[in-house]
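The structure appears right after this line, and notes come after that.
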Amino acid sequence: MRIFFALVGLSAATVAYGHDAPSGWTYPYSCCSNFDCRHVSYTAISERPQGYIINATGEVVPYADRRVRISPDGEYHWCSAAGDDHGRTICLFVPPRAY
Numbered sequence: 003m004r005i006f007f008a009l010v011g012l013s014a015a016t017v018a019y020g021h022d023a024p025s026g027w028t029y030p031y032s033c034c035s036n037f038d039c040r041h042v043s044y045t046a047i048s049e050r051p052q053g054y055i056i057n058a059t060g061e062v063v064p065y066a067d068r069r070v071r072i073s074p075d076g077e078y079h080w081c082s083a084a085g086d087d088h089g090r091t092i093c094l095f096v097p098p099r100a101y
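This is the structure:
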């Protein structure tokens, strides 16, 4: 019985929680409710003069929008309502722009 609890405790220590990005940083609670945020491919987001385009929905997120955040790991992460692939954007984490 002790071995079972030890194994359960060990496996729980290695699980990434819903607010954790795959690379280990934590999504802010204002963006994520345990399932809203996820890493997305660079092909999922387009840049146009009017802002970032979420290719799955066509939604435009202006560059100056408060939902746009710098991604700590330099990758795109999209947080959408209820984690739906066609939901509205809650937060969009983008790679830092080169100057």
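So for the sequence shown, our numbering puts the first residue at 3; every next one is plus one. Note that the Cβ used here is the ideal one computed from N, Cα and C, for glycine as well.
Whole-Å CB distance - residue i paired with residue j, under 8 Å assumed
i   : j   : result
H79 : H21 : H79 to H21, Cβ: 11 Å. No contact.
P74 : W27 : 4 Å
A23 : Y29 : 6 Å
N57 : I72 : Wrong, their Cβ atoms sit about 21 Å apart, outside the cutoff.
Residue from the options whose Cα sits closest to the Cα of residue i
i   : options            : result
V62 : T91, P97, A23      : T91
V70 : G85, C33, A58, D38 : C33
S43 : L94, E77, C81      : E77
V96 : D38, F37, I55      : I55
S35 : G60, D67, G85      : G85
For residue i: DSSP bridge partner residues
i   : result
Y54 : E49, V63
D1  : A question about residue 1 goes unanswered here, because the residues of the chain that appear run from 3 up to 101.
V70 : L94
S82 : T91
C39 : C81
D22 : T28
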